[in-house]
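Enquirer: Structure provided below as C-alpha coordinates; questions to follow.
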Amino acid sequence: MTDLLTITAQDTTNALATNAVHREREVHQYQINIDNYVQMLSTMPATDIPANLAPYISTQPDDLPLDMSIDDVMLISQYQYKERLTKLLRTEKIEQSKAKAVLDSLKAQLPADTRDQLIMDAAAALNAQPAQ
3 MTDLLTITAQ DTTNALATNA VHREREVHQY QINIDNYVQM LSTMPATDIP
53 ANLAPYISTQ PDDLPLDMSI DDVMLISQYQ YKERLTKLLR TEKIEQSKAK
103 AVLDSLKAQL PADTRDQLIM DAAAALNAQP AQ
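First residue of the sequence shown: 3, per this note's numbering; consecutive thereafter.
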(Lines of atoms letter the chains of each structure in order from A; the text may use other names.)
(Lines give C-alpha, C1' and ligand atoms only; values in the text may rest on other atoms or scores of the structure.)
Protein backbone atom coordinates (compact mmCIF):
# COMPACT_ATOMS: atom_id res chain seq x y z
CA MET A 3 0.00 0.00 0.00
CA THR A 4 2.86 2.37 -0.71
CA ASP A 5 0.70 4.49 -3.03
CA LEU A 6 -1.49 5.77 -0.18
CA LEU A 7 -0.19 9.16 0.85
CA THR A 8 -2.33 9.84 3.91
CA ILE A 9 -2.46 6.40 5.50
CA THR A 10 0.25 5.57 7.99
CA ALA A 11 1.43 2.19 9.19
CA GLN A 12 -0.32 2.97 12.49
CA ASP A 13 -3.58 3.67 10.61
CA THR A 14 -3.30 0.24 9.02
CA THR A 15 -2.54 -1.41 12.37
CA ASN A 16 -5.51 0.34 13.96
CA ALA A 17 -7.79 -0.69 11.10
CA LEU A 18 -6.65 -4.31 11.34
CA ALA A 19 -7.28 -4.34 15.10
CA THR A 20 -10.71 -2.72 14.72
CA ASN A 21 -11.66 -5.20 12.00
CA ALA A 22 -10.45 -8.04 14.23
CA VAL A 23 -12.86 -6.85 16.94
CA HIS A 24 -15.73 -6.82 14.44
CA ARG A 25 -14.87 -10.32 13.19
CA GLU A 26 -14.56 -11.60 16.76
CA ARG A 27 -18.04 -10.27 17.48
CA GLU A 28 -19.28 -11.90 14.30
CA VAL A 29 -17.78 -15.27 15.34
CA HIS A 30 -19.40 -14.82 18.75
CA GLN A 31 -22.82 -14.07 17.23
CA TYR A 32 -22.59 -17.18 15.07
CA GLN A 33 -21.76 -19.18 18.20
CA ILE A 34 -24.82 -17.80 19.98
CA ASN A 35 -26.96 -18.89 17.03
CA ILE A 36 -25.27 -22.31 16.90
CA ASP A 37 -25.85 -22.87 20.62
CA ASN A 38 -29.46 -21.75 20.25
CA TYR A 39 -30.13 -24.09 17.32
CA VAL A 40 -28.49 -27.01 19.13
CA GLN A 41 -30.68 -26.32 22.17
CA MET A 42 -33.80 -26.06 20.04
CA LEU A 43 -32.96 -29.27 18.16
CA SER A 44 -32.59 -31.08 21.48
CA THR A 45 -36.31 -30.48 22.05
CA MET A 46 -37.33 -31.89 18.68
CA PRO A 47 -38.28 -35.50 17.99
CA ALA A 48 -35.18 -37.70 18.10
CA THR A 49 -36.53 -40.29 15.68
CA ASP A 50 -37.22 -40.13 11.96
CA ILE A 51 -40.64 -39.02 10.85
CA PRO A 52 -43.14 -41.90 10.99
CA ALA A 53 -43.44 -43.69 7.65
CA ASN A 54 -47.13 -42.84 7.25
CA LEU A 55 -46.33 -39.11 7.54
CA ALA A 56 -43.09 -39.11 5.52
CA PRO A 57 -44.84 -38.34 2.20
CA TYR A 58 -45.99 -35.05 3.72
CA ILE A 59 -42.60 -33.79 4.97
CA SER A 60 -42.46 -31.11 2.22
CA THR A 61 -46.14 -30.26 2.25
CA GLN A 62 -47.21 -26.90 3.61
CA PRO A 63 -49.65 -27.17 6.53
CA ASP A 64 -52.46 -25.53 4.53
CA ASP A 65 -52.02 -28.15 1.82
CA LEU A 66 -52.28 -31.18 4.12
CA PRO A 67 -55.45 -33.25 3.86
CA LEU A 68 -58.29 -31.60 5.75
CA ASP A 69 -59.22 -34.89 7.40
CA MET A 70 -55.71 -35.32 8.85
CA SER A 71 -55.69 -35.14 12.63
CA ILE A 72 -54.32 -32.00 14.21
CA ASP A 73 -51.83 -34.18 16.09
CA ASP A 74 -50.42 -35.48 12.80
CA VAL A 75 -50.35 -31.95 11.35
CA MET A 76 -48.44 -30.73 14.41
CA LEU A 77 -46.04 -33.66 14.22
CA ILE A 78 -45.33 -33.00 10.54
CA SER A 79 -44.77 -29.35 11.39
CA GLN A 80 -42.28 -30.33 14.10
CA TYR A 81 -40.31 -32.49 11.68
CA GLN A 82 -40.34 -29.71 9.10
CA TYR A 83 -39.03 -27.26 11.68
CA LYS A 84 -36.39 -29.77 12.78
CA GLU A 85 -35.22 -30.00 9.16
CA ARG A 86 -35.14 -26.20 8.88
CA LEU A 87 -33.16 -25.85 12.12
CA THR A 88 -30.71 -28.51 10.96
CA LYS A 89 -30.08 -26.55 7.76
CA LEU A 90 -29.75 -23.28 9.68
CA LEU A 91 -27.27 -24.90 12.07
CA ARG A 92 -25.18 -26.12 9.15
CA THR A 93 -25.21 -22.66 7.56
CA GLU A 94 -24.20 -20.95 10.81
CA LYS A 95 -21.26 -23.34 11.24
CA ILE A 96 -20.13 -22.72 7.66
CA GLU A 97 -20.38 -18.95 8.00
CA GLN A 98 -18.67 -19.02 11.38
CA SER A 99 -15.73 -20.90 9.88
CA LYS A 100 -15.40 -18.20 7.21
CA ALA A 101 -15.49 -15.45 9.84
CA LYS A 102 -12.86 -17.31 11.87
CA ALA A 103 -10.61 -17.49 8.80
CA VAL A 104 -10.91 -13.73 8.30
CA LEU A 105 -10.26 -13.14 12.01
CA ASP A 106 -7.17 -15.35 11.93
CA SER A 107 -5.89 -13.49 8.86
CA LEU A 108 -6.42 -10.10 10.51
CA LYS A 109 -4.65 -11.24 13.68
CA ALA A 110 -1.74 -12.64 11.68
CA GLN A 111 -1.16 -9.19 10.18
CA LEU A 112 -0.82 -7.54 13.61
CA PRO A 113 2.49 -7.46 15.49
CA ALA A 114 2.53 -10.62 17.60
CA ASP A 115 4.00 -8.92 20.67
CA THR A 116 1.21 -6.31 20.89
CA ARG A 117 -1.64 -8.09 19.08
CA ASP A 118 -3.84 -8.74 22.11
CA GLN A 119 -3.43 -5.22 23.47
CA LEU A 120 -4.14 -3.65 20.09
CA ILE A 121 -7.36 -5.65 19.81
CA MET A 122 -8.38 -4.83 23.39
CA ASP A 123 -7.71 -1.12 22.75
CA ALA A 124 -9.76 -1.24 19.56
CA ALA A 125 -12.61 -2.93 21.43
CA ALA A 126 -12.47 -0.26 24.15
CA ALA A 127 -12.59 2.48 21.50
CA LEU A 128 -15.59 0.87 19.81
CA ASN A 129 -17.37 0.38 23.13
CA ALA A 130 -16.79 4.07 24.00
CA GLN A 131 -18.58 5.25 20.86
CA PRO A 132 -22.19 6.33 21.36
CA ALA A 133 -24.79 3.87 20.10
CA GLN A 134 -26.20 4.73 16.69
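Ideal placement from N, C-alpha and C gives every residue a C-beta, glycine not left out.
Please read these numbers as outputs of a predicted model, since none were measured by experiment.
For K109 and K89, what's the separation of their Cα atoms in angstroms?
Expert: C-alpha separation (whole angstroms): 30 Å.
Enquirer: Tell me whether Q12 sits in a helix, a strand or coil according to DSSP, three-state version.
Expert: Correct three-state label for Q12: helix.
Enquirer: Classify Y83: buried if its beta carbon has 16 or more other beta carbons within 10 angstroms, exposed otherwise.
Expert: Per the 10 Å Cβ criterion, exposed.
Enquirer: Where E85 and R25 are concerned, what is the direct C-alpha to C-alpha distance, given to the nearest angstrom?
Expert: If I take the Cα positions, the gap works out to 29 Å.
Enquirer: Terminal residues of the continuous alpha helix (DSSP H) containing T93?
Expert: Run containing T93: 72-110, per the alpha helix (DSSP H) assignment.
Enquirer: Under 8 Å by Cβ, that's how I've got V23 and A125 pegged, so tell me the actual separation to the nearest angstrom.
Expert: Confirmed, about 5 Å.
Enquirer: Spatial neighbours of L6 within its chain, please: C-beta separation below 6 Å, excluding the five flanking residues on both sides.
Expert: Here the set comprises nothing.
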